[in-house]
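Have a look at the structure below before the remarks.
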């Protein structure tokens, strides 16, 4: 099953004599994986290869020292030109984006065109400020006025900062901060990417490379979800010249710097062929000797269920928080019923995860106080301690959507720590008429009590990212701790094995829905540990299916035992 | 000076989408209109001004304009404010 498009494969992306196919089947499209100006290496977190010119995400412009103004009218003209250009750029992006994103961008454009803002900035310019300082001062004044009003308006202060950065960058002749939008395909490089940055990623992005970040960082998750090759923790990427053509191997983490255009085209062509081959794969998850492993999807809404892509056996993780993002008020019962019913109608087997929020994933309407240590604070099911109505409404809505669609969805709670929490959650869900109830295992305390948890609930679903973070006391965003977050760490595997054993004894399913489930090298190992289902980003399913089909269950077990050594 | 006093009907107040629709309409009427809530009065064409009124659902606001077309402009804008623009959004979706 080696990739036949890679005659010069150096072995870095594959696993040598091992019988597992190389991850993603990626290999160099001719010649060693290096460019004319050398190579960089980082941590490959999303399979596949791509090549193209690298563009960096620019940071906010620094304001230089004020400059003596000789022509105040010219400064005023620069001010109005900057604001007009910012508005025009936002309006152009609004047209391209459509839908809700367009509404937000248009509203931002209206602020950039605000007559009060313009008047103020022009007045400052006429009084002798240079254009960048006039813009900065005008924005700062309005920003402070909004921040002082508090609540919703204080949140808009961040929008003003963004507009200020754009206008000042324009006046200084610097690239617009934020995602590049050059109008052609490119590789995006950044120090790090926030969820807000990545939400706006357009189709022109070929691959992601960041200087920071670990295997479970937002960049990694986003990239895997979209099937974009990605490398994180890559030293030196920010020093590569803007526009240099680089090749990115999201499996090995290697970056070839200074490819020629034909070389880049060859890489992209080979990757297209790989994707086409994988896209054709379908059927249930089976090892080569027929041991079944459910392959499920992780989704955020019905929009993730494009029917032609639902080649999995159901949804193992329906993340409901996407419904709650950017909301000033909790979505109503009716709205929730509609959103859940839309998913239930289309997929028979669905596990709904109740709201997973907290100060690390803040939702404005919850109004949670800031915490010194959000990862160890009120998050997941713990939010219920402060706001029980949120979970009650959600469970009612899930039950109502189930009745409406005649389906039997399952629910599970995130961040469960104790058997008592699991029991209380299960009783509440069952009282509302939900028949199958499970909990996520993300906290070592829960894994250690897996047998007792299974006396309370019908199934367990292991979230490997958080379980690794809490087992190794290592922040999942911390790039220098990436080795501790490696899902192959024996201590983590031991906890997973403990849960799987408890499941086997109780005759109840134990799945994995963390990032490890979608990794074609790890999936067989998890199966060998006794995990009964794997839930992953839709794009990962074909790779995992292929990896499992190449091994017997006994070979999976051998791998698991070797990894536990 | 023509005047109209209306109560903001949108569920989220004069923020977000309702504010955007109001400011867009104010630009379109072609007559300078001011909007006042309590002591504070701002040009209706200014998004920042309108947001800074902090008008919520149920806030009473006064629209003012002068000269030809003032009455028509005020009627249009007052009608817009007395609709629940958030509910209309939900129907769109």
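Chains as they are written, first to last, in full-length UniProt numbering: chain A, 1 to 565; chain G, 1 to 93.
Don't be surprised by glycine CBs; every beta carbon is placed ideally from N, CA and C.
query, result
"Cβ-based burial, residue 566 of chain A [other Cβ within 10 Å; buried from 16]", "Lying outside 1 to 565, the shown extent of chain A, residue 566 of chain A is not represented and no answer is given."
"Within-8 Å CB hit, residue 153 of chain A to chain G", "yes"
"Under 8 Å between C-beta atoms of residue 33 of chain A and residue 367 of chain A", "no"
"N- and C-terminal bounds of the beta strand (DSSP E) containing residue 184 of chain A", "First-last for residue 184 of chain A: undefined, no H or E at that position."
"Boundaries (first-last residue) of the beta strand (DSSP E) holding residue 436 of chain A", "436 to 441"
"is_contact[residue 52 of chain G, chain A] using C-beta, thresh 8 Å", "yes"
"Under the three-state DSSP convention, the category residue 260 of chain A falls into", "coil"
"Collapsed DSSP secondary structure at residue 410 of chain A in the structure displayed", "strand"
"Near-chain A residues of the UniProt domain \"HPr\" (1 to 88) of chain G - C-beta to any C-beta below 7 Å", "12, 15, 17, 20, 23, 43, 45, 46, 47, 48, 49, 51, 52 and 54"
"8 Å Cβ cut-off: residues of chain G touching residue 115 of chain A", "43, 45 and 46"
"DSSP bridge partner residues for residue 536 of chain A (one or two, in chain order)", "A:297"
"Proximal chain G residues relative to residue 111 of chain A, where beta-carbon distance stays under 7 Å", "47 and 48"
"Simplified DSSP state of residue 520 of chain A, which is helix, strand or coil", "coil"
"Assigned secondary structure, residue 30 of chain A (DSSP; H/G/I helix, E/B strand, else coil)", "Note that residue 30 of chain A scores a pLDDT of 44, beneath 50, so its modelled location is shaky; the value from the coordinates is reported in the next line. Note: residue 30 of chain A maps to coil in three-state DSSP."
"Helix, strand or coil at residue 140 of chain A according to DSSP, with G and I counted as helix", "helix"
"8 Å Cβ cutoff, residue 92 of chain G in contact with chain A", "Unreliable positioning characterises residue 92 of chain G in this predicted model, as indicated by a pLDDT of 39, which lies under 50. A coordinate reading is not provided."
"Complete runs of the beta strand (DSSP E) confined to the region 419 to 478 of chain A [at least 3 residues]", "436 to 441 and 459 to 462"
"Helix, strand or coil at residue 565 of chain A [DSSP, three-state]", "coil"
"Whole runs of the beta strand (DSSP E) within the region 118 to 174 of chain A, excluding any shorter than 3 residues", "none"
"6 Å CB neighbourhood of residue 92 of chain G in its chain, flanking five on each side removed", "Model confidence at residue 92 of chain G stands at a pLDDT of 39, short of 50, so the residue's coordinates are unreliable; what they give is reported in the following sentence. Nothing meets the Cβ criterion."
"Distance, residue 251 of chain A Cα to residue 533 of chain A Cα", "24 Å"
"Buried or exposed by the 16-neighbour rule on C-beta atoms within 10 Å, applied to residue 67 of chain A", "exposed"
"Nearest-angstrom Cα separation, counted from residue 33 of chain G out to residue 4 of chain G", "11 Å"
"Nearest to residue 473 of chain A (by Cα), restricted to the options A:486, A:423 and A:390", "A:486"
"For residue 382 of chain A, three-class secondary structure by DSSP", "helix"
"Proximal residues of chain G, C-beta to C-beta of residue 156 of chain A below 8 Å", "51"
"is_contact[residue 15 of chain A, chain G] using C-beta, thresh 8 Å", "In this prediction, residue 15 of chain A scores a pLDDT of 32, lower than 50, which makes its location untrustworthy; the coordinate-derived value is nonetheless stated afterwards. No, no contact with chain G."
"Unbroken beta strand (DSSP E) run spanning residue 49 of chain A, endpoints", "49 to 56"
"Partners in chain G for residue 328 of chain A, counting only beta-carbon separations shorter than 9 Å", "12, 15 and 16"
"Short CB-CB distance (under 8 Å) between residue 103 of chain A and chain G", "yes"
"Beta carbon of residue 232 of chain A nearer than 8 Å to that of residue 219 of chain A", "yes"
"Residue burial classification, residue 410 of chain A (beta-carbon count within 10 angstroms, cutoff 16)", "buried"
"Other residues of its chain near residue 318 of chain A: CB distance less than 7 Å, five sequence neighbours each side excluded", "299, 343, 350, 351, 352 and 353"
"With 16 other Cβ atoms within 10 Å as the buried cut-off, status of residue 49 of chain G", "buried"
"Secondary structure of residue 392 of chain A, DSSP reduced to three states", "helix"
"Residue ranges of each beta strand (DSSP E) within the region 192 to 253 of chain A, 3 or longer", "205 to 210, 230 to 232 and 245 to 249"
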